[in-house]
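Accompanying notes for the structure given below.
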Amino acid sequence: MHVLVTGGAGFIGANFVHQTVAERPDARVTVLDKFTYAANRESLAGLDIEIVEGDVADRDVVDPLVEAADVVVHFAAESHNDNSLNDPWPFVQTNLIGTYTVLEAVRRHGTRLHHISTDEVYGDLELDDPAKFTASTPYNPSSPYSSTKAGSDMLVRAWVRSFGVEATLSNCSNNYGPYQHIEKFIPRQITNVLDGRRPKLYGAGLNVRDWIHVADHNSAVWRIIDAGQLGRTYLIGADGEMNNKAVVELILELLGRDPQDYDHVADRPGHDLRYAIDATPLREELGWEPRFRDFRAGLADTIEWYRANEAWWRPQKDAVEAKYAKTGQ
427 MHVLVTGGAG FIGANFVHQT VAERPDARVT VLDKFTYAAN RESLAGLDIE
477 IVEGDVADRD VVDPLVEAAD VVVHFAAESH NDNSLNDPWP FVQTNLIGTY
527 TVLEAVRRHG TRLHHISTDE VYGDLELDDP AKFTASTPYN PSSPYSSTKA
577 GSDMLVRAWV RSFGVEATLS NCSNNYGPYQ HIEKFIPRQI TNVLDGRRPK
627 LYGAGLNVRD WIHVADHNSA VWRIIDAGQL GRTYLIGADG EMNNKAVVEL
677 ILELLGRDPQ DYDHVADRPG HDLRYAIDAT PLREELGWEP RFRDFRAGLA
727 DTIEWYRANE AWWRPQKDAV EAKYAKTGQ
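Take a look at the structure:
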């Protein structure tokens with residue numbers, strides 16, 4: 427199998443490439459990545475793969491790669507909410523125009539597609555609401571990031587229905603694990619502590635996220651590619667609900683610091699309250715189960731990765747913190 431991975435030098439995509447190389451030795455992997463600030467060549471170091479630097483919205487780059495592939499796994503996306511609030515255009519360009527470009531290429535060449543999306547397209551839930559997101563939950567995005575991801579999902583569904591594109595979709599809860607850019611919540615707090623800084627918590631920190639280890643996300647993606655029903659959307663989650671305050675305090679505890687040794691900073695505009703995924707169809711119909719069932723153990727594993735790979739994140743750290751300092755966060 428020849429697998430084209432768009433955005434394969436980003437966080438989830440790079441982990442997907444590592445898992446594919448390790449678990450599917452007969453697969454040939456090509457990575458297409460624009461190598462913006464969020465991508466890192468070092469995340470793919472040592473792998474026997476083809477790497478193409480290019481824009482997912484550029485037809486001349488995308489088309490021959492899709493033609494040569496058996497399956498396209500479309501991770502490429504601008505994904506940081508704070509950045510989308512500061513400058514929405516890159517999110518429109520990559521998430522919408524990029525997905526359109528991929529869809530037209532797979533339509534021309536009859537290539538199988540799996541589209542990666544987020545639970546943020548559904549908006550948020552009240553903190554005391556027992557409900558969870560399902561594939562039938564109405565879309566209600568709240569930021570330029572989540573709205574452009576919602577739009578990309580709709581494009582895929584329309585191309586499936588109107589043009590018969592062979593595609594599946596997945597919407598996943600918040601990922602954590604190796605190779606995640608340190609502007610993101612968990613790696614930012616881990617590297618703050620490792621760097622001798624105090625972690626930063628938006629607002630009161632009561633916002634709840636449904637955490638899943640990136641290795642579990644990617645094992646679910648392969649299960650969907652192998653056995654999922656074409657045209658279907660699958661939700662990926664590991665029942666890992668925890669509020670941000672508890673996550674920061676657990677990071678501090680695991681690193682031997684006082685769990686209260688953090689600062690509250692200005693909250694993000696329009697900050698979603700709670701995400702929660704119902705992954706029942708994925709588990710019952712496709713037989714998938716997460717490996718990292720214990721968030722504490724998964725977080726400890728992630729902390730050790732960042733501790734052991736300071737050379738990977740150190741060059742970015744000062745610039746990230748300087749950016750946040752300008753906004754008081």
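First residue of the sequence shown: 427, per my numbering; consecutive thereafter.
Even glycine gets a Cβ: it sits at the ideal position worked out from N, Cα and C.
At which residues does the beta strand (DSSP E) containing residue i begin and terminate?
| i | result |
| --- | --- |
| aspartate 459 | 454–459 |
| tyrosine 660 | 659–662 |
| valine 478 | 476–479 |
Given this structure, state the Cα-to-Cα distance separating residue i from residue j, to the nearest angstrom.
| i | j | result |
| --- | --- | --- |
| isoleucine 438 | glutamine 606 | 8 Å |
| serine 578 | threonine 563 | 16 Å |
| alanine 593 | arginine 658 | 8 Å |
| arginine 624 | glutamate 710 | 43 Å |
| proline 556 | alanine 495 | 42 Å |
| tryptophan 738 | leucine 539 | 31 Å |
| histidine 444 | methionine 427 | 16 Å |
| glycine 629 | tyrosine 548 | 22 Å |
| glutamine 742 | phenylalanine 589 | 43 Å |
| phenylalanine 721 | alanine 440 | 21 Å |
| leucine 699 | aspartate 452 | 43 Å |
| threonine 574 | isoleucine 523 | 10 Å |
Tell me whether residue i sits in a helix, a strand or coil according to DSSP, three-state version.
| i | result |
| --- | --- |
| asparagine 597 | strand |
| glutamate 747 | helix |
| methionine 427 | coil |
| valine 636 | Per the sequence shown, the amino acid found at residue 636 is aspartate instead of valine. Correct three-state label for aspartate 636: strand. |
| asparagine 521 | helix |
| valine 673 | helix |
| valine 482 | coil |
| threonine 728 | helix |
| valine 591 | coil |
| phenylalanine 559 | strand |
| tyrosine 605 | coil |
| threonine 527 | helix |
| threonine 432 | strand |
| tyrosine 571 | helix |
| glutamine 755 | coil |
| aspartate 513 | coil |
| phenylalanine 718 | coil |
| proline 695 | coil |
Count the other CB atoms, across all protein chains shown, that sit within 10 Å of the CB of residue i; report buried if there are 16 or more and exposed otherwise.
| i | result |
| --- | --- |
| glycine 696 | exposed |
| histidine 690 | exposed |
| arginine 635 | buried |
| threonine 527 | buried |
| asparagine 618 | buried |
| glutamate 675 | buried |
| tryptophan 515 | exposed |
| glutamate 546 | buried |
| tyrosine 463 | exposed |
| glycine 436 | buried |
| arginine 649 | buried |
Who does residue i pair with in a DSSP beta bridge?
| i | result |
| --- | --- |
| aspartate 689 | Lys626 |
| isoleucine 542 | Ser596 |
| leucine 551 | Arg700 |
| methionine 668 | Arg635 |
| valine 492 | Answer by DSSP bridge pairing: none, since valine 492 is not bridged. |
| valine 497 | Val429, Arg538 |
Looking at the unbroken alpha helix (DSSP H) that takes in residue i, where does it start and where does it end?
| i | result |
| --- | --- |
| glutamate 504 | Looking at the DSSP string, glutamate 504 is not in any alpha helix (DSSP H), and its letter there is neither H nor E. |
| phenylalanine 442 | 437–449 |
| glutamate 711 | 706–712 |
| asparagine 618 | 611–620 |
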